[in-house]
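Numbering of the sequence shown is given in our numbering, commencing with residue 1 and proceeding in unit increments.
Where is the CB? At the ideal position from N, CA and C, for every residue including glycine.
Note that the coordinates shown come from a computational prediction; the quantities given were computed from them, not determined experimentally.
Scroll down for the structure; my scribbles are underneath it.
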Amino acid sequence: MNAPPAQDIHMPPTFAKLLFRLSLGIAMLSLFGLFQGLGGIAASSWGWMIGAGLVLAWIAHGRIEKPAAPGDFARMLNDRQANGPRDASGQAPDTESINRDRQTVTVIGLSGASGGSGMGRDWKWHVALKPWRIKGERLQTSELEVCMPGAISKKAFDKLQEDFQREQIVELQVVDLRDASYGNGKEAELAAILTRDATDEELLQALADRSKPFDIDIEGIGKLAYDPEEGHFIGTVAWAGSQVRLLVETDDREELCRYSDALRPLFTDATSWNKTIREYAADALLKEEHASLLKSTYRSLDKQQRMQKLVVEMLTLMEDGDFLASFAADEIADDLEIHALGNIPEGMLSMEIY
Numbered sequence: 001m002n003a004p005p006a007q008d009i010h011m012p013p014t015f016a017k018l019l020f021r022l023s024l025g026i027a028m029l030s031l032f033g034l035f036q037g038l039g040g041i042a043a044s045s046w047g048w049m050i051g052a053g054l055v056l057a058w059i060a061h062g063r064i065e066k067p068a069a070p071g072d073f074a075r076m077l078n079d080r081q082a083n084g085p086r087d088a089s090g091q092a093p094d095t096e097s098i099n100r101d102r103q104t105v106t107v108i109g110l111s112g113a114s115g116g117s118g119m120g121r122d123w124k125w126h127v128a129l130k131p132w133r134i135k136g137e138r139l140q141t142s143e144l145e146v147c148m149p150g151a152i153s154k155k156a157f158d159k160l161q162e163d164f165q166r167e168q169i170v171e172l173q174v175v176d177l178r179d180a181s182y183g184n185g186k187e188a189e190l191a192a193i194l195t196r197d198a199t200d201e202e203l204l205q206a207l208a209d210r211s212k213p214f215d216i217d218i219e220g221i222g223k224l225a226y227d228p229e230e231g232h233f234i235g236t237v238a239w240a241g242s243q244v245r246l247l248v249e250t251d252d253r254e255e256l257c258r259y260s261d262a263l264r265p266l267f268t269d270a271t272s273w274n275k276t277i278r279e280y281a282a283d284a285l286l287k288e289e290h291a292s293l294l295k296s297t298y299r300s301l302d303k304q305q306r307m308q309k310l311v312v313e314m315l316t317l318m319e320d321g322d323f324l325a326s327f328a329a330d331e332i333a334d335d336l337e338i339h340a341l342g343n344i345p346e347g348m349l350s351m352e353i354y
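Pasting the structure below:
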């Protein structure tokens, strides 16, 4: 009969760390006692205590979970597959189930900005594709955000940032393609980078269209121009009896229409919204965190006078009904920008001064 396999000893990380520190403490105290002869205990007894403390410390240290050192992307993916998910009994789930739930697909798309964040040696990275397609299927105009499935080194992060540029057609293998947790796009995890210089006639045409400026007239709002260098729409429109700059933070016509529809009350009820924005700003600017940044001549005014000085010179339309009202600040503060963030239908949300 074969002997059962030896069982490893598993300890919770916190307990292992505590045991490690306690064992080292015993060893150090015993060493101190050996030299000082505390309590008259024989040197051999102190020696046994030192040995026991060090053995326990060695066992505990081996059980403390340590973060894996960042390596190249291929090794990280191999480790991920080798040490994949386990069920409650510690067994790997059925392979067919994994393949069904995390099917690998090849996507090709026009790269927008890539980026991420990190601290120390661990960095996260992602790239946004728009438009994009699963190879062989129809073009998708929503955004696909592909994220690195784990942390990478700062060196690998910088290399990816250098290699993935805006306005570049890329071909990737991804897993777990799903609806995004926010917005109307999709998200997935990166499985492999196939090529950074792929060709696709429809995407090449989209790239050519994106590089050309053009005008678009939005009913009830006004005419906007697409700026290919900045990747957004901008123009001057009539609002609440004056002319303001209008910026829409998107490079996509469909999103432009969606943002405009969500924020249309800002224009159909422009006079009311203009008053709401300026009333909110007049009160919010006198709060403790903002007041010290203002000119003393502005702080001394009453509310109606403060409102008169608050002139909206630019509106920025964003997703989910958010908008930013930017004020002419010359008579309010020196060398600062003043903005009020709002939402339709929630109302005014916060002030931003910098």
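*Hey, quick one: how far does the beta strand (DSSP E) through D251 stretch, first residue to last?*
Boundaries cannot be given for D251, as no beta strand (DSSP E) includes it and DSSP labels it neither H nor E.
*asked:* With the cut-off set at 7 Å, would you say L129 and L203 are in Cβ contact?
replied: Result no, Cβ atoms of L129 and L203 do not sit closer than 7 Å.
*On the three-state DSSP scale, how would you describe G159?*
Inspection of the sequence shows that residue 159 is occupied by Lys rather than by Gly. Three-state DSSP puts K159 in a helix.
_Presumed contact (8 Å Cβ cut-off) between A225 and P213, rounded CB distance_ = 6 Å
*Evaluate N274 with the Cβ neighbour count: other Cβ atoms within 10 Å of its Cβ, from every protein chain shown; 16 or more gives buried, anything less gives exposed.*
buried
*Return the first residue and the last residue of the beta strand (DSSP E) that F233 is part of.*
232 to 239
*Quick one: using the 10 Å Cβ neighbour count with 16 as the cut-off for buried, is T250 buried or exposed?*
Buried, since its Cβ has 16 or more Cβ neighbours within 10 Å.
*Measuring alpha carbon to alpha carbon, tell me which of A284, M148, L190, T236 ends up nearest K124.*
Taking K124 as reference, the option from A284, M148, L190, T236 with the minimal CA-CA separation is M148.
_Tell me the rounded alpha-carbon separation between M351 and Y280._
If I take the Cα positions, the gap works out to 9 Å.
*Status (buried if at least 16 other CB within 10 Å, exposed otherwise) for S181*: exposed
*So is G342 buried or exposed if we call it buried at 16+ other beta carbons inside 10 Å?*
buried
*Under 7 Å, do V248 and L315 count as touching if we go by C-beta distance?*
Contact flag unset, no.
*Classify N343 as helix, strand or coil using the three-state DSSP reduction.*
strand
*asked:* Between which residues of its own chain and L256 is the CB-CB distance below 6 Å, once the five residues before and five after are set aside?
replied: F233, V248, T250
*Would you list the residues sitting across from H126 in a DSSP beta bridge?*
Bridge partners of H126: G115, C147.
*Same chain, Cβ closer than 8 Å to F323, five either side skipped, listed in chain order*: L263, L266, L315, T316, L317, L341, G342, N343, I344
_Using only the alpha-carbon positions, how far apart do T104 and R196 sit?_
18 Å
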